[in-house]
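Engineer:
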Ligand code: GLN
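Residue numbers (the numbering used here): 27 to 225.
(1) If we ignore side chains and look at the alpha-carbon of each, how far apart do residue 119 and residue 131 end up?
(2) Excluding sequence positions up to five away, which residues of its chain have a Cβ less than 6 Å from the Cβ of residue 44?
(3) Count the other CB atoms within 10 Å of the CB of residue 167; is the residue buried (16 or more) or exposed (fewer)?
(4) Please state the DSSP three-state secondary structure of residue 208.
(5) Threshold first: 4 residues or longer. Then list the alpha helix (DSSP H) segments lying entirely within the region 85 to 135, N to C.
(6) Tell me whether residue 173, by its Cβ, gets closer than 7 Å to a heavy atom of the ligand GLN.
(7) Short of 7 Å in beta carbon distance, which residues of its chain neighbour residue 77, apart from the five on each side in sequence? Order them along the chain.
(8) Rounded to a whole number of angstroms, what is the C-alpha to C-alpha distance between residue 223 and residue 50?
(9) Do the CB positions of residue 86 and residue 34 come within less than 8 Å of each other?
(10) Since residue 182 and residue 195 are thought to touch, with beta carbons under 8 Å apart, how far apart are those beta carbons, to the nearest angstrom?
(11) Determine the DSSP secondary structure at residue 156, reduced to helix, strand or coil.
(12) With the cut-off set at 8 Å, would you say residue 72 and residue 116 are in Cβ contact?
(13) In angstroms, rounded to a whole number, what distance separates the CA positions of residue 11 and residue 65?
(14) May I ask whether a heavy atom of the ligand GLN can be found less than 7 Å away from the beta carbon of residue 114?
(15) Should residue 141 be listed as close to the ligand GLN, given that the test is whether its C-beta is under 7 Å from any heavy atom?
(16) Once you ignore the five residues that flank residue 40 on each side, which residues in its own chain have a CB closer than 7 Å to its CB?
(17) Cβ-heavy atom distance between residue 197 and the ligand GLN below 7 Å?
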């Protein structure tokens, strides 16, 4: 199995590390590869879109000529895991908490997000979430200039919530978290994604 990580910006190394841990604890033979250009997409069985800056990610994906292609392969079933800015990329609707703006999105999940929702005061914080639903138990996870998922509809299911807000959601082959699972102490979130890839 080959898992790609979009490697324009953001926490590539930490995702790499957590994926390797999840692979070894589930006895999965696999490779983890950086994804930057069109040909990289053609050889992978799943992709992680990490955190960073979603506006920049979208512009880079368009400039590198992979935005439309990636949307198509995800629609055709390629498993995808978007974290923080990556989750924003997967949403069908994105608004900014302060400014009115448009940004290039993959738009493959039935959800709406608000970028930079927590504003200055709580821009970045850690919180313990109850991820029992995916077999991870209670885990301390960081939210870094995190978006909020303001609405889900259609087949999108809420896997984990915090204070009544969805923080981990899934729609078929697409998985999203508003927090950074690669900076938590457990590879369980990556393990859950590997199970989606294996289905
Ligand atoms: N605020 C960023 C955005 O809007 C996301 C932050 C992150 O990925 N840590 O894209």
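In this text, a Cβ means the ideal position worked out from N, Cα and C, and glycines have one as well.
Structural biologist: With the structure as the only source:
(1) On the chain shown, position 93 is the one that residue 119 refers to. On the chain shown, position 105 is the one that residue 131 refers to. Cα-Cα distance, rounded: 8 Å.
(2) Start at 1 with the first residue of the chain shown, and residue 44 comes out as number 18. Around residue 44: 208, 213, 216.
(3) To locate residue 167, count along the chain shown from 1; it is residue 141. By the C-beta density criterion, residue 167 is buried, having at least 16 other C-beta atoms within 10 angstroms.
(4) Here residue 208 corresponds to residue number 182 of the chain shown, with the count starting at 1. In this structure, residue 208 counts as helix in the three-state DSSP scheme.
(5) 93 to 101, 111 to 116
(6) The sequence position of residue 173 within the chain shown is 147, counting from 1. Checking every heavy atom of the ligand GLN against the Cβ of residue 173, one is found closer than 7 Å.
(7) Within the chain shown, numbered from 1, the residue matching residue 77 stands at position 51. For residue 77, where only same-chain residues beyond five positions count, the Cβ hits under 7 Å are 36, 37, 109, 110, 111, 112, 170, 206.
(8) Against the chain shown, residue 223 aligns to sequence position 197. Against the chain shown, residue 50 aligns to sequence position 24. Computed Cα separation, rounded: 15 Å.
(9) As a working note, residue 86 is residue 60 in the chain shown. As a working note, residue 34 is residue 8 in the chain shown. Yes. Within cutoff.
(10) For the purposes of this step, residue 182 is taken as residue 156 along the chain shown, with counting starting at 1. For the purposes of this step, residue 195 is taken as residue 169 along the chain shown, with counting starting at 1. Contact between residue 182 and residue 195 holds: CB atoms are separated by about 5 Å, below the 8 Å threshold.
(11) The count along the chain shown starts at 1 and reaches residue 156 at position 130. Three-state result, residue 156: strand.
(12) Position 46 of the chain shown holds residue 72. Position 90 of the chain shown holds residue 116. Their beta carbons are not under 8 Å apart, which means residue 72 does not touch residue 116 by this criterion.
(13) Here the chain covers residues 27 to 225 and nothing more, so residue 11 does not appear.
(14) Residue numbering aside, residue 114 sits at position 88 when the chain shown is read from its first letter. Yes, the Cβ of residue 114 comes within 7 Å of a heavy atom of the ligand GLN.
(15) Your numbering for residue 141 matches position 115 in the chain shown. The answer is yes for residue 141.
(16) In the chain shown, the residue the question calls residue 40 occupies position 14. Counting only Cβ-Cβ distances below 7 Å, and skipping sequence neighbours, we find 208, 209.
(17) On the chain shown, residue 197 is found 171 positions in, with the first residue counted as 1. No - the ligand GLN has no heavy atom lying nearer than 7 Å to the Cβ of residue 197.
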